[in-house]
Each structure stands twice: as structure tokens, then as C-alpha cells.
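Residues 0 to 821 in numbering that gives the first Met the number 0 are what the sequence shown spells out, letter by letter. For each residue, glycine too, the CB sits at the ideal point set by N, CA and C.
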Amino acid sequence: MNQNCFASIIQRLYRIIGNTEESCQLLDSVCKVLSNEEEFVFVWVELSEQYIKNKTICYSRGNIFKNPDCHLIAQHFSECDNLKKVRLNGSIHQINSDENDRCANVFRKYFEEKNSAAIFSSPIEYNNFLFGHFNILIRNLSNITEETQLLLKELVQDIAIKLSRINSDDNSQSAAAYLNFDKEKYLKTLLHCMYEDIIVIDKNYNIVDVNNSRLKIADKKTEEVLGAKCYTVSHGFDKPCNLYGEECPLQEVMKSGKSKQVRHKHLTDDGKMKYVDILFSPFTNENGEVEKVIETIRDVTEAVKIEEELKIKEFRLKQIAGSLDVVFFTFDINNSKPKITYLSEGFNKIWGIKRESALANQRLWFDAVDPEDRNKIFHLIREYVKTKNPVIQTEFRIVKPNDTIRWINIKTRVVEDISGNSKQIFGIAEDITEKKLLELELQNAYQKSRESINFKNYLLGNINHEIRTPLNAILGFTQILKEETPREAIDELTDKILFASNRLLNTLDSIIELSDLQSDSRKLQSNDLSIVELLKTVQHKFYPVAKEKNLLFEVVEPDQDVVIKSDEFLLKKILNQLLDNAFKYTNQGSVTLSVRFNKNENENWLIIDVADTGIGIEQEKLNTIFEAFRQGSEGLSRSYQGSGLGLTITKKMIELLKGKICVESEKGIGSRFSVHIPFEFTNKKFQEDKKENFISALEGKRILIVEDNPLNAEVLKHYLKSVVNTDIAYDSHQAFDLSEKYLYDLILMDISLKNGESGIEVMKKMRFRDEYKSVPIVALTAFTFDEDKNKFIEEGFNGYIPKPIQRNELLNEINQYLREVI
0 MNQNCFASII QRLYRIIGNT EESCQLLDSV CKVLSNEEEF VFVWVELSEQ YIKNKTICYS
60 RGNIFKNPDC HLIAQHFSEC DNLKKVRLNG SIHQINSDEN DRCANVFRKY FEEKNSAAIF
120 SSPIEYNNFL FGHFNILIRN LSNITEETQL LLKELVQDIA IKLSRINSDD NSQSAAAYLN
180 FDKEKYLKTL LHCMYEDIIV IDKNYNIVDV NNSRLKIADK KTEEVLGAKC YTVSHGFDKP
240 CNLYGEECPL QEVMKSGKSK QVRHKHLTDD GKMKYVDILF SPFTNENGEV EKVIETIRDV
300 TEAVKIEEEL KIKEFRLKQI AGSLDVVFFT FDINNSKPKI TYLSEGFNKI WGIKRESALA
360 NQRLWFDAVD PEDRNKIFHL IREYVKTKNP VIQTEFRIVK PNDTIRWINI KTRVVEDISG
420 NSKQIFGIAE DITEKKLLEL ELQNAYQKSR ESINFKNYLL GNINHEIRTP LNAILGFTQI
480 LKEETPREAI DELTDKILFA SNRLLNTLDS IIELSDLQSD SRKLQSNDLS IVELLKTVQH
540 KFYPVAKEKN LLFEVVEPDQ DVVIKSDEFL LKKILNQLLD NAFKYTNQGS VTLSVRFNKN
600 ENENWLIIDV ADTGIGIEQE KLNTIFEAFR QGSEGLSRSY QGSGLGLTIT KKMIELLKGK
660 ICVESEKGIG SRFSVHIPFE FTNKKFQEDK KENFISALEG KRILIVEDNP LNAEVLKHYL
720 KSVVNTDIAY DSHQAFDLSE KYLYDLILMD ISLKNGESGI EVMKKMRFRD EYKSVPIVAL
780 TAFTFDEDKN KFIEEGFNGY IPKPIQRNEL LNEINQYLRE VI
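This is the structure in C-alpha cells:
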């Protein structure tokens, strides 16, 4: 409640008291005026029977209640026992809407306001004569000061005096004089106690009264102000002010009878700018006409400066916050439901949600948090409640509206007031996705490095064993051949040397194949092949093994021979590896290979099953058998030789064909490996190549062997001595000389040559000569990776033969390149 406005109302009431000579009219006017005050919801007077029998005067704010409701409500209130107790001494009865009180029941039923309220009730009593009780229903007691309550009590007492005077003509003049004198004195005292400048101005702009404040704005003494024009005092003008193109607020208040507040700038004599808030309040006579205007002037210069400084700082902070890819936020934790009260512009970019929407709907920002990370947000609050730690940090993920996932880092600090009570959480949210991805990448790289170290340890251990063991046999049998062996035992020893050599070669081939598959350099070669012919080839290879170990080898072919399109090399390797593994670990019983087709509308599957009655695999080791260098039996006591790469390579080949492999096994019973590989059908029919020996057809052909290692060159010449004519060049110079002397039908070119020139350079130089543009030149090298082979073909070689070389493979390759059938 505005104290100045209420003081104006009190003055008006006293004028009514002084000018009214009829009791009911007096009480009616007082109730009507008070009911227009915003805080007074309902005003009523209950007159006692000894004064005026059964008479109640009542008014509601805005006149919302008419008779008889108004009188009925007053009667209900008056019947409340709690109200009867407090009205004896003139006090306040507080009404709580949740209590079972008659006043509370009436308040809930008839009034829109459902908050707590109060009833001011005071007896109208003078010289021990009770005229009745004066009552006011107050909407919000916190807005009513003790000074207001005191004024109301004094008003009721003065009403009692006035009523007594009306009823007693003998002392009416003295009572009225006492009333007017006392009230005028009180109001004067109230006026001069105000801190602000208070000036009373008539309709002609004359200052008719002023309080004894320091007159901070005008900087003049009281006697200098009285009788002067208000515009000369406040602005130094010689006519009414018109600073903003509008008429002076004084005239507006005079016409409307309503209060108005404005803010003026005031330039002092020393050139400083001051800001003042001026409240113009109307002062009316008994007829409701505005006679004067009361100006309440407050210096707000410091407040304006602070406000402007805060706006500048806030603007700068918003600019800084808006230019950073971070989110500044405040989080209110005082209420039962914590609430975000501020979000900076960075929220729009990082969350992908408008911050206005997130502030209006508090769930928007939280719903964007990844469900797996939402507990971290709850933990943020719980951690503070538990530890009172003012600094908390956490990381979590959010899912933006475009379904991208971002990592967020939040740092918070709890802001406390002077008393140490927590007010809110201030925090910074930063997008750390790139940093997090780098961190995860580093962790992954670290893990891979650890795996690489383990891989290296396994590699060195197994390869060391697998190379040294056959090498020991090769060296040993060779030494025996040289020093001790009679002629009749040579055949047996050479077979053993070849076996050990092949084991060493298989180990090296497995390492190369695994490396190619891991580096993704192996490319699929799709060609037409017959499944039945493929099975015959495999069957022919493993029948001798089965016979040697006295095992039953059964091959179950599909119902019909079908030509499919797939990578024949990989399929053959897969079958060989699985069968080799089965025969290796089976000492009695059987090995079964079965092949069938599973056709459907979406995809065709080639299903290969390899079952054995071997040693089986323990259940806990089924997950490790496809890992590199792992076997069912490991360590120094392992029962079976081998590099442990077979199943690893097989699995990678199957995956390269978009297939899958699974295994079922029982210790001591046997194992079954099942492979599913997708394929395409072709409409072609497979025609078997006729295998005839046409070695004699190669007679008369001449081949140049370019090899800088004499031993390797001698081996090649020995392989070909009964088939074709061969010449050997040990370096590039000899190769060019011989190629000019003879026109060769094919050239076998070593890659690593002496004298600084590689086989690639020699091949390219030969290609410049017309006679060698179409002659097959085949790379002969120990560089056996697929990427090496691809490189040689791209450089211009017609083919590729890896070292070490076996005679039958060499002859087959030469026959292919010369387009002849052996």
C-alpha cells in the first residue's frame, strides 16, 4: 500500500467526518471510501442495539456484492467466535484458508482470493458507550504497515467521538475542534517525517506546503520554496514544463483525479545530471474535486547509474557468452523442483534447441541428454546435497534434433548469499566432442598397441619355433646326406627334408596370408566354378592323408552339380584349412565333408560342414580358437605342432566372402565346423579341362632366367632342363646381352638384382624393344604380399611366381603363360 496515497485517503475521511452531521451517512461514506482501497476487500459496520437496532452498513471493493448478499456475509463474519475475541481490544484476526474457522469458510465461499487474509476489527466506543464495531477484510496483511493499522484505530476512535458529538449537542463543538486539531497535528507530523521531498501544489502551480526534508532536488530552503511556482523550483523555468511534448502531469492529475508517476532528468547548477521519480497524488475536497496535488520526489540518480552499469555489463557478458562455443546457465535449487533460470546464446548451437523454448519447457534440455547418462545429472544435484561441494564437474552425451551425438562437459559452482544459504548453481557447459573422440581414439590406439605387442610376442614365439624346428630337420638331414648316408637311404632322407621344408613354407605362407587379410589388401576374384569339381580336387588331396592315418574320409556332394560365381582360390583354401585341421586332430574314426545349397528369395547360401571324431575342444576354449597363434593345447606342453594360424586365416577368408562360421565341439567326442557363404548362380555348364601331358609340346621354346642368386638359378635350370631351353643372366647387363642374342619365348625376372637396377626397371627397358612388347615377362620374387603382386602386375609384368618355387607349380605357371596345356 502506498503510504502517501493512504495519507491522502485519511485526509479525505477526516474531511467527511468534519462535514457530515448525520450518523448513518457518516458511516456509509467512510465505508464507501475505504472499500475503494485496493487492499480492502470488504468494509462493514455493525451498530449495537442500544444505538441503532439491527443496522449494518457494508461495502465491497468494486461493489461486487449487493444486498442482501452483502449483509448476509457481514452477519456470517460477525458470528465467528475468533473474530469476537479480537474485536474487544481492536486487533487483527488472521484467516488461513486451510483452517476450520467460520471466517475462513465464509472467505472461501464468497471471495475469489484464496490466499490468506485478515480482518481488522475495532469497537466504535466513546465515554464507555459502544456504538458498534468497525470491520475491514484485508486482502494481504503483509502490505499493511503498523502505521496504517494505527491510523485506522485512530480513525475509528475519532468516528466514535464524532458520533458522540452528533448525539450530544452540548459538547459537539468542543469535540469537533479537538478532532480537527488533533488530526491536523498528526498529519503535519507525518508529512515532515518523510525522507523524500513532499510538495503540495495548487491548480495554479503554486507551492502551498512543503515538508522539512533536505530538499535535495531544489537545493533550497523551506521558506524559499513556499509560495513559489513549482516549475521555477524544480526546473528553473518561467512557465509550466513541457519537457516531453506533453502537458504537465500536474494538470493531468487535476483533471483525472488519478495518481501518476514520472521520471525526470534534472541538471544541477554544477552541471551534473540527476534523475528523480515524482509521484503526483490528487488531494480532493468533500465534493470529490481535486483541489491540490501532492508531489513526492525521490532522488534515484544512484539507482539509475547502477542500473545502467548493470545493463552495460550484462550486454558485454552476453556478447562474450554469445561469441563462445559454450553455454552459461544458472540453476535454481531453492525450490522442491530445481529449475534453469538462464541459458546463454551458445545453447542454440550446442543443443540445437532454441533457448527460449528450453526455458519455457524445462524438460526439453533434459530429454536431449542420452538416457544412459541422465543419472549423471541427478548425481550432480545429489553430490552437492551430500557433500556441499561448491565445485562439481561431469561429462555426458546429448542427442541433438538431427540425431547427432555430442559430448558435453559441465563445470558448476554453487552461488551463496551473505548468510551462506545456497541460492543457485552457476555453470558452464562446453562441447568436447572432438576432444572426446580424440581421447577415445587414443585409448583405442593404446589398446591396439597392447594387442600389437601381444601379437608380436605370440608371433615371435611361434614363428621362432616353427622356423627352427623344420630348419633343424633340413640342416640335420642335409648333413647326414653329406657325411653318413649310404645311397640306399637317400630317398627316405630326401622325403623327410621335403616334409620339413614344406612345413616351414606353410608357416611362412600362413603369416603372409594373415597379414594380407588383416591389411585388407586381398581383393575378391569372382569366377565360375563347379562345386563337384572343387570337391573332387579336395578329395584327391586328402585321401592319402586319410589312408595313412587309417581314417574314414567321406565326402557328401550336393544333389546336383551346380556352377556358381565365387572366389575359387578362397573356397579351395577354406576347404583345405578345415580338412587339414580335422585330420590333424583326429587319430581314429572319420572325417566327413558335406556340401549343400540353401536357396531362398533373398539370398543363396553355400553350406559347408566338416565333422570329425577327433579330440574335441573344451567349451571354455571355443571363443579363442579363431584367434591368431591359439590352439586347444598351448604352451610348452602342447600336443600338436603348427603355427596356430589356420582357423584365424579361415575365418578371415570366410568374412571376406561375406560369410560366417560356427563350431560345435565336445571334449573327446569330436568337432563340427559349419560355414555359410553367399554366392551367385550362373547359367553356364562346367566343362572339365582335359588333363594331358603335353610337356613335349614345349620343346624348342627358350626361356631366360634373370636371377642374381646362383643357387636359386641352378635350381630353376634343373627344374626346366628336360622341358625347355634355358639361359641364365646373373645381372641386368647379362640380361640385355642375352635378350639381343636370342628372342626368348618367356622371361623369368627376379625383382632384387645387383648393380643397382631392379627387375622392374629391367622389364620396362625390355618393353621398349618391339620384339619384346608381347613376350610374357613373369616376376620371380620373395615379395609375397598381395599388394606386392598387384604392384608388379600394374608395373607391366604378365604374371607373378612367389619364392620358394616347386617344380610342378613352376611348370604349370609356364604352361599358362605360354598358352599351352601340359
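Q) According to the Cβ coordinates, are Asp608 and Ser593 closer than 9 Å? A) The residue you call residue 608 lines up with position 609 of the sequence shown. The residue you call residue 593 lines up with position 594 of the sequence shown. Cβ distance < 9 Å, so Asp608 and Ser593 count as in contact.
Q) How would you write the range of the alpha helix (DSSP H) that Asp749 sits in, first residue to last? A) Locating residue 749 in the sequence shown gives position 750, counting from the first residue. Segment Leu745 to Asp749 is the beta strand (DSSP E) holding Asp749; no alpha helix (DSSP H) there.
Q. Does any residue of chain C bring its CB to less than 9 Å from the CB of Lys583?
A. Considering every chain present, this structure includes no chain C. It has just one protein chain.
Q.
Could you check whether the segment 74 to 86 touches the segment 94 to 108, counting it as contact only if at least three pairs of C-beta atoms, one from each stretch, sit closer than 8 Å?
A. yes
Q | Straight-line Cα distance separating Asn127 from Thr19 | A | Along the sequence shown, read from residue 1 onward, the residue named residue 19 stands at position 20. Along the sequence shown, read from residue 1 onward, the residue named residue 127 stands at position 128. Cα to Cα, the separation comes out at about 23 Å.
**Q.** Three-pair Cβ contact test at 8 Å for the segment 551 to 562 versus the segment 522 to 531
**A.** Put simply, the segment 551 to 562 touches the segment 522 to 531. At least three CB pairs are less than 8 Å apart.
Q.
Less than 6 Å between C-beta atoms, sequence neighbours within five positions excluded: which residues of the same chain meet that for Tyr771?
A. Your numbering for residue 771 matches position 772 in the sequence shown. Counting only Cβ-Cβ distances below 6 Å, and skipping sequence neighbours, we find Met765.
Q) How would you label Leu33, buried or exposed, when you count the other beta carbons within 10 angstroms and need 16 or more for buried? A) Along the sequence shown, one-based indexing puts residue 33 at 34. By the 10 Å Cβ count, Leu33 comes out buried.
Q: Name the two residues that bound the continuous alpha helix (DSSP H) containing Cys229.
A: By one-based count along the sequence shown, residue 229 stands at place 230. Its alpha helix (DSSP H) spans residues Cys229 to Ser233.
Q: Can you tell me the Cβ-Cβ gap for Ile648 and Ile676, rounded? I've got them flagged as a contact below 8 Å.
A: Against the sequence shown, residue 648 aligns to sequence position 649. Against the sequence shown, residue 676 aligns to sequence position 677. In this structure, Ile648 and Ile676 do not form a Cβ contact; the two beta carbons are roughly 15 Å apart against a cut-off of 8 Å.
Q) Around the C-beta of Gln423, are 16 or more other C-beta atoms found within 10 angstroms, so that it is buried, or is it exposed? A) Position 424 of the sequence shown, counted from the start, is the residue given in the question as residue 423. So Gln423 ends up on the buried side.
Q) Since Ser121 sits in a beta bridge, which residues does DSSP pair it with? A) As a working note, residue 121 is residue 122 in the sequence shown. For Ser121, which the question treats as bridged, DSSP gives the partners Phe133.
Q: Would you tell me roughly how many angstroms separate the C-alpha atoms of Phe236 and His132, rounded to the nearest one?
A: Within the sequence shown, the letter at position 237 stands for residue 236. Within the sequence shown, the letter at position 133 stands for residue 132. So the two alpha carbons sit approximately 53 Å from each other.
Q. Once you ignore the five residues that flank Asp369 on each side, which residues in its own chain have a CB closer than 8 Å to its CB?
A. On the sequence shown, residue 369 is found 370 positions in, with the first residue counted as 1. Excluding residues within five positions, the ones whose Cβ falls inside 8 Å are Phe395, Arg396, Ile397, Val398 and Ile404.
Q.
Quick check: the Cα distance between Val761 and Lys571, rounded to an integer number of angstroms?
A. Residue numbering aside, residue 761 sits at position 762 when the sequence shown is read from its first letter. Residue numbering aside, residue 571 sits at position 572 when the sequence shown is read from its first letter. Using only the alpha carbons, I get a separation of about 35 Å.
Q) Which of helix, strand or coil does DSSP assign to Ile9? A) The sequence position of residue 9 within the sequence shown is 10, counting from 1. It is helical.
Q) To the nearest angstrom, how far is it from the Cα of Ile660 to the Cα of Ser670? A) Indexing the sequence shown from 1 puts residue 660 at position 661. Indexing the sequence shown from 1 puts residue 670 at position 671. Rounded to whole angstroms, Ile660 to Ser670 spans 13 Å at the Cα level.
Q) Whole beta strand (DSSP E) runs in the segment 348 to 401 with 3 or more residues, listed along the chain? A) 390 to 398
Q: With DSSP as the reference, please indicate the residues paired to Asn603 in a beta bridge.
A: In the sequence shown, the residue the question calls residue 603 occupies position 604. For Asn603, which the question treats as bridged, DSSP gives the partners Lys598 and Phe678.
Q: Measure the C-alpha to C-alpha separation of Glu146 and Glu153 and round it to an integer number of angstroms.
A: Sequence index remark: in the sequence shown, residue 146 carries index 147 (1-based). Sequence index remark: in the sequence shown, residue 153 carries index 154 (1-based). C-alpha separation (whole angstroms): 11 Å.
Q.
For a test of the three-state rule: what should DSSP assign to Leu656, helix, strand or coil?
A. Taking the sequence shown and counting its residues from 1, the one referred to as residue 656 is at position 657. Three-state DSSP puts Leu656 in coil, outside helix and strand.
**Q.** Where Asn134 falls, given that 16 or more other Cβ within 10 Å makes a residue buried
**A.** As a working note, residue 134 is residue 135 in the sequence shown. By the neighbour-count criterion, in which a residue is buried when 16 or more other Cβ atoms sit within 10 angstroms of its Cβ, Asn134 is buried.
**Q.** Asn814, enclosing beta strand (DSSP E) - first and last residue
**A.** Here residue 814 refers to the residue found at position 815 of the sequence shown. Segment Arg806 to Tyr816 is the alpha helix (DSSP H) holding Asn814; no beta strand (DSSP E) there.
Q) Within 10 angstroms of its Cβ, does Leu635 collect 16 or more other Cβ (buried), or is it exposed? A) For the purposes of this step, residue 635 is identified with residue 636 of the sequence shown, where counting begins at 1. Bear in mind that the predicted position of Leu635 carries a pLDDT of just 40, short of 50, making it unreliable; the figure below should be weighed with that in mind. Burial call: exposed.
Q | Ala781 classed as buried or exposed, judged by whether at least 16 other C-beta atoms fall within 10 angstroms | A | Reading the sequence shown from its first residue, position 782 is the one you call residue 781. Exposed, since its Cβ has fewer than 16 Cβ neighbours within 10 Å.
Q) What's the call for Gly658, buried or exposed, on a 16-neighbour Cβ count within 10 Å? A) Counting from 1 along the sequence shown, the entry for residue 658 is found at position 659. With 16 or more Cβ atoms within 10 Å of its Cβ, Gly658 is classed as buried.
Q: Give me whichever residues DSSP pairs with Pro801 in a beta bridge.
A: The residue you call residue 801 lines up with position 802 of the sequence shown. Pro801 is bridged to Thr780.
**Q.** Cut-off 6 Å between Cβ atoms - residues of its own chain near Pro400, not counting five sequence neighbours on either side
**A.** Sequence index remark: in the sequence shown, residue 400 carries index 401 (1-based). Excluding sequence neighbours, Pro400 sits near Gly351.
Q. Mapping DSSP to helix, strand and coil, what is Thr19?
A. Counted from its first residue, the sequence shown places residue 19 at position 20. Reduced to three states, the DSSP call for Thr19 is coil.
Q.
Check whether the segment 21 to 37 and the segment 294 to 308 touch, using three or more Cβ-Cβ pairs below 8 Å as the test.
A. no
Q: Below 6 Å CB to CB, which residues in the same chain sit around Phe672 once its five sequence neighbours on both sides are set aside?
A: As a position in the sequence shown, residue 672 is number 673, starting the count at 1. Correct list, in chain order: Leu577, Val609 and Val662.
Q) What's the call for Cys69, buried or exposed, on a 16-neighbour Cβ count within 10 Å? A) By one-based count along the sequence shown, residue 69 stands at place 70. So Cys69 counts as buried.
Q: Can you give me the Cβ contacts of Gly798 inside the same chain, cut-off strictly under 6 Å, excluding the 5 residues immediately before and after it?
A: Against the sequence shown, residue 798 aligns to sequence position 799. Once the five neighbours on either side are set aside, the close Cβ partners of Gly798 are Val777 and Tyr816.
Q. Exposed or buried, which one is Cys23 when buried takes at least 16 other CB atoms within 10 Å?
A. Numbered from 1 along the sequence shown, position 24 holds the residue referred to as residue 23. The residue is exposed, with fewer than 16 neighbouring Cβ atoms inside 10 Å.
Q | Local Cβ density within 10 Å of Arg11, reported as buried at 16 or more and exposed below that | A | Position 12 of the sequence shown, counting from 1, holds the residue named residue 11. Result: buried.
Q.
In chain order, what are the residue ranges of uninterrupted beta strand (DSSP E) at least 3 long that sit wholly in the segment 22 to 49?
A. Fully enclosed beta strand (DSSP E) runs of 3 or longer: 39 to 46.
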